[in-house]
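I have placed the structure first, in the form of structure tokens, so that the comments after it can refer back to it.
Chains as they are written, first to last, in full-length UniProt numbering: chain H, 1 to 454; chain Y, 1 to 454.
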């Protein structure tokens, strides 16, 4: 078999890189559990009719078919999920009688989309979602809660002593605010106006204004006020006055302003020079299913990735006709962040194996003695491995060096010794009591910003 | 939307059950890392030609197709992997220049097979694999190593203070032993004889003997000796004498006997009343690609599941024509064990949420005060949540009870108190110092053997 080549859009990591990704996932899981979120997984497949409810992604769905199946129509109409929200909504409906509401869950799983691969966008990718779902009602303070939980998680990832992810801005807006403002201006097809305004990040403001006037039929003065609203942003609740100054009145606008102001104020204690939570009135993502709060997140220096973490409030996440399940959630693109970060910064683990210690081997006959040392270390939670062959000790030390294993253990009749191969220090040691420094117990994370990107 | 129904063969777990599964995966990962195995993940898809190299599973492969793709031939000939060995062999070849050999890796991922669902057999399932792969050569002691690592992992799962999985027998055999024995008997088509002998677990011995004589053309006396070999089993190396007593001589038989005896002897220290490692000369799995050691594992009381953990030695796990990569590995069917265990024993978590504490809410205005308590607890790694609404305290306690949260925290002007709702004990507490008993910090695992299966 010839050497295989990578598949575009299906990223795979080397062991030391995978350690970084695993650390990201562990950090997320730890944070979500501290906040009381329960972990679940859903199956990778959903019936096609479920997957096509979000119309715009239908072309990206991967259908399944059994190899020797007669029909080309797909296996019982199943496709791979393209996000974790559609499966979660189905899971809630299917298990509603066995869940306690409000139900907080996190879910870290792969999803698949057949879109054109580019930096941060893959055909197979890992998402980390948190959602809170209620039965019939879900008070607004849960919007604040999911925001705070995700900011907590991202802040931990941005800790230089952990992953050292760049700083970020969580940008929030509120659909009630936009819709109320548009209705206060007398507009009726608010969705159409939002769709045009959403082009502001790609087209010049004059072009968007021309489209609002010529295509959407707005008066020039109305179009100006629509565009003025979209320029408002603030890291505190001063945006309320800026909106009020535009002179539009509507009950829904009042509610949206109150909610957004409360959200920004409630996150003020989480903000630092690297962590920003800001009202950005241009954010208008997927407004066809969101009904209140909406989120996007930009990573400093990685703006070209687009939003790495998005979500919002759905007043009807799921419904079986009798009962409605409102939800609010936010989804982090784990692959979208990790893969570019690895490529651009050379982020990697300090070693390619979990082992903190290589137990050297004097000769093949003494393998049981070396294994006994390894067992004694493992009994005290110290990861280690025994050298594969009784090569010269210099060669065994180089074996450890190539993998980044910091310590080599020598089993000798006259007593055991352990060498820190970074410093050359070699000391007497007892496998029943010796412990490496805490920082050496697990691989660390290191980055060579100057490393060549691939 | 009507209430969705489960998809046969695609098991999903409730939050408290998922906690059990997560605990199983965490235990496996911890054990594998203690032994120096690095975690990797491979993409879910492989080119079809890769997937069809193991011929017998071709009919179970799920092909992918984009929804609006013209051709029904599948998306660039991609299918979902049906195990983790085929992707791992490909990963080794693709990354050989960047890996250090011998390369130890573990991999815990989902796989998919379109087979008929039954207890312990699913269309989507989680596997946990460990393999050691060498370049050009891989000494036999690595066969011993993977056996010991998996026995260590399964022993931890069988610990009543952890998952409390039933006891198990790891059954080992050696293809060189069987093949050498057959060749020593003068047989040439040894694969054909193995295929017939493999039917011993389904057909009476007389029927198998008749097949060996009538279909495979063996002399009755030769057939008897072939069948006698398959009845030999032992928990120590006494099987060597039993085989020798059959009076067959062959160099390959000698090698096989030496290897199997060494394996059984090397695992003797791991054996207990619940953990058995035994030579079983009837084991003959997938012998077309295994070249030495082979493993199967039976779970006590769950024999109907078949082997829960299988593998062996491949002298050519992968090859690019110039270099050959021999490997030895073993694969645990996580779903095959966990799903039946949950269903039959009612194994579940002591609570459905990670929270150890519910911080009660006196009124909506005091939410910030309750949140401050929660933040103080989380800063000391205590998972908690704030009550969703300022209901009567009795109702808030029942909210905690329904989720299994053991402690309720009351924020009061005159000082904080925390109640253990299992005992009713209520004491003064300071959020900066109070810590729950270690056993209450995370959900525990409990089992109601008598609980009704679903």
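Cβ coordinates follow ideal geometry from the N, Cα and C atoms, glycine included. Please read these numbers as outputs of a predicted model, since none were measured by experiment.
Sequence-distant residues of its chain with Cβ nearer than 8 Å to residue i (five each side left out)
| i | result |
| --- | --- |
| residue 42 of chain Y | 81, 84, 87, 88, 90, 91, 107 and 109 |
| residue 387 of chain H | 358, 359, 360, 361, 370, 396 and 399 |
| residue 420 of chain Y | 406, 407 and 426 |
| residue 334 of chain H | 21, 24, 25, 28, 108, 125, 126, 127 and 128 |
| residue 146 of chain Y | 130, 131, 132, 311, 328, 329 and 330 |
| residue 278 of chain Y | 169, 170, 171, 172, 233, 234, 235 and 264 |
Chain-ordered neighbours of residue i on chain Y, where CB pairs are closer than 7 Å
| i | result |
| --- | --- |
| residue 38 of chain H | 15, 352, 353 and 354 |
| residue 240 of chain H | Correct list: empty, because the minimum Cβ distance to chain Y is about 20 Å. |
| residue 98 of chain H | 14 |
Reference residue i, options the options, closest by Cα
| i | options | result |
| --- | --- | --- |
| residue 282 of chain H | H:271, H:294 and H:276 | H:294 |
| residue 97 of chain Y | Y:341, Y:134, Y:230 and Y:152 | Y:134 |
| residue 128 of chain H | H:415, H:29 and H:271 | H:29 |
| residue 411 of chain Y | Y:255, Y:64, Y:25 and Y:426 | Y:426 |
| residue 298 of chain Y | Y:315, Y:314, Y:39 and Y:276 | Y:276 |
| residue 36 of chain H | Y:420, Y:404 and Y:445 | Y:404 |
| residue 264 of chain Y | Y:121, Y:173 and Y:375 | Y:173 |
| residue 201 of chain Y | Y:230, Y:111 and Y:225 | Y:230 |
| residue 339 of chain H | H:2, H:14 and H:382 | H:14 |
| residue 465 of chain Y | Y:122, Y:182 and Y:266 | This structure leaves residue 465 of chain Y out entirely; chain Y is present only between 1 and 454. |
| residue 179 of chain Y | Y:64, Y:324, Y:48 and Y:252 | Y:252 |
| residue 79 of chain Y | Y:177, Y:95, Y:120 and Y:53 | Y:53 |
| residue 271 of chain Y | Y:195, Y:236 and Y:19 | Y:236 |
| residue 171 of chain H | H:310, H:144, H:350 and H:365 | H:310 |
| residue 6 of chain Y | H:34, H:47, H:224 and H:377 | H:47 |
| residue 332 of chain Y | Y:61, Y:120 and Y:63 | Y:120 |
| residue 384 of chain H | Y:94, Y:188 and Y:104 | Y:104 |
| residue 152 of chain Y | H:212, H:378, H:423 and H:418 | H:378 |
| residue 45 of chain H | H:62, H:296 and H:38 | H:62 |
| residue 289 of chain Y | Y:300, Y:304 and Y:317 | Y:317 |
Cβ separation of residue i and residue j, assumed to be a contact under 8 Å, to the nearest whole Å
| i | j | result |
| --- | --- | --- |
| residue 156 of chain H | residue 348 of chain H | Their Cβ separation, rounded to whole angstroms, is 19 Å, which puts residue 156 of chain H and residue 348 of chain H out of contact at 8 Å. |
| residue 356 of chain Y | residue 436 of chain Y | 5 Å |
| residue 240 of chain Y | residue 227 of chain Y | At roughly 19 Å, the Cβ-Cβ gap does not stay under 8 Å, so residue 240 of chain Y and residue 227 of chain Y are not in contact. |
| residue 176 of chain Y | residue 255 of chain Y | 5 Å |
| residue 328 of chain Y | residue 131 of chain Y | 7 Å |
| residue 326 of chain Y | residue 33 of chain H | About 41 Å; that fails the 8 Å criterion. |
| residue 216 of chain Y | residue 193 of chain Y | 6 Å |
Proximal chain Y residues relative to residue i, where beta-carbon distance stays under 9 Å
| i | result |
| --- | --- |
| residue 94 of chain H | 3, 4, 5, 6 and 12 |
| residue 199 of chain H | Under the 9 Å cutoff, chain Y gives no residues; its nearest Cβ is about 25 Å from residue 199 of chain H. |
| residue 35 of chain H | 354, 355, 374, 378, 383, 384 and 385 |
| residue 67 of chain H | 48, 51, 52, 58, 59, 60, 61, 62, 63, 74, 79 and 114 |
Contacts that residue i makes with chain H (C-beta to C-beta distance below 8 Å)
| i | result |
| --- | --- |
| residue 367 of chain Y | 141 |
| residue 42 of chain Y | 12 |
| residue 22 of chain Y | 39 |
Contact list for residue i against chain H, beta-carbon separation under 7 Å
| i | result |
| --- | --- |
| residue 102 of chain Y | 388 |
| residue 110 of chain Y | 44 |
| residue 403 of chain Y | 100 |
| residue 313 of chain Y | Simply none; closest approach about 16 Å. |
Contacting residues, own chain, Cβ-Cβ under 7 Å from residue i (five flanking each side not counted)
| i | result |
| --- | --- |
| residue 11 of chain Y | 122, 335 and 339 |
| residue 451 of chain H | A caution first: residue 451 of chain H carries a pLDDT of 41, below 50, which makes its placement in the model unreliable, though a value can still be read off. Cβ within range, chain order: 346. |
| residue 453 of chain H | Note that residue 453 of chain H scores 37 on pLDDT, short of 50, meaning its location in the model is unreliable; the coordinates nonetheless yield the value given after this. Taken in chain order, the residues that qualify are 343 and 344. |
| residue 111 of chain Y | 81, 82, 83, 84, 125 and 127 |
| residue 291 of chain Y | 175, 313, 314 and 315 |
| residue 401 of chain Y | 421 |
| residue 352 of chain H | 15, 16, 403 and 404 |
| residue 506 of chain Y | Shown here, chain Y extends from 1 to 454; a query on residue 506 of chain Y therefore has no answer. |
Same chain, Cβ closer than 6 Å to residue i, five either side skipped, listed in chain order
| i | result |
| --- | --- |
| residue 337 of chain H | 308 |
| residue 190 of chain H | 179 and 182 |
Cβ of residue i within 7 Å of any chain A Cβ
| i | result |
| --- | --- |
| residue 61 of chain H | Absent from the structure: chain A. Protein chains present are H and Y. |
Cross-chain neighbours of residue i in chain H, by beta carbon under 9 Å
| i | result |
| --- | --- |
| residue 91 of chain Y | 4 and 12 |
| residue 327 of chain Y | None at all; the shortest Cβ gap to chain H is about 14 Å. |
Under 8 Å by beta carbon: chain Y residues contacting residue i
| i | result |
| --- | --- |
| residue 45 of chain H | 7, 10 and 124 |
Cβ-heavy atom distance, residue i to the ligand FMN, below 6 Å
| i | result |
| --- | --- |
| residue 372 of chain H | This structure lacks the ligand FMN; in fact it carries no ligand of any kind. |
Every unbroken alpha helix (DSSP H) inside the stretch 61-128 of chain H [4 residues or more]:
DSSP runs (the alpha helix (DSSP H)) wholly in the stretch 61-128 of chain H: 85-95.
Just list the beta strand (DSSP E) runs in the stretch 376-410 of chain H, keeping only unbroken ones of 3 residues or longer that don't cross its boundaries, in chain order.
The qualifying runs are 384-386 and 407-410.
Mind listing, in chain order, the continuous alpha helix (DSSP H) runs of no fewer than 4 residues lying wholly within the stretch 245-306 of chain H?
Qualifying alpha helix (DSSP H) stretches, in chain order: 251-266.
Entirely enclosed beta strand (DSSP E) segments - the stretch 160-243 of chain Y, minimum 3 residues
Entirely contained in the stretch 160-243 of chain Y, the beta strand (DSSP E) runs reaching 3 residues are, in chain order, 168-174.
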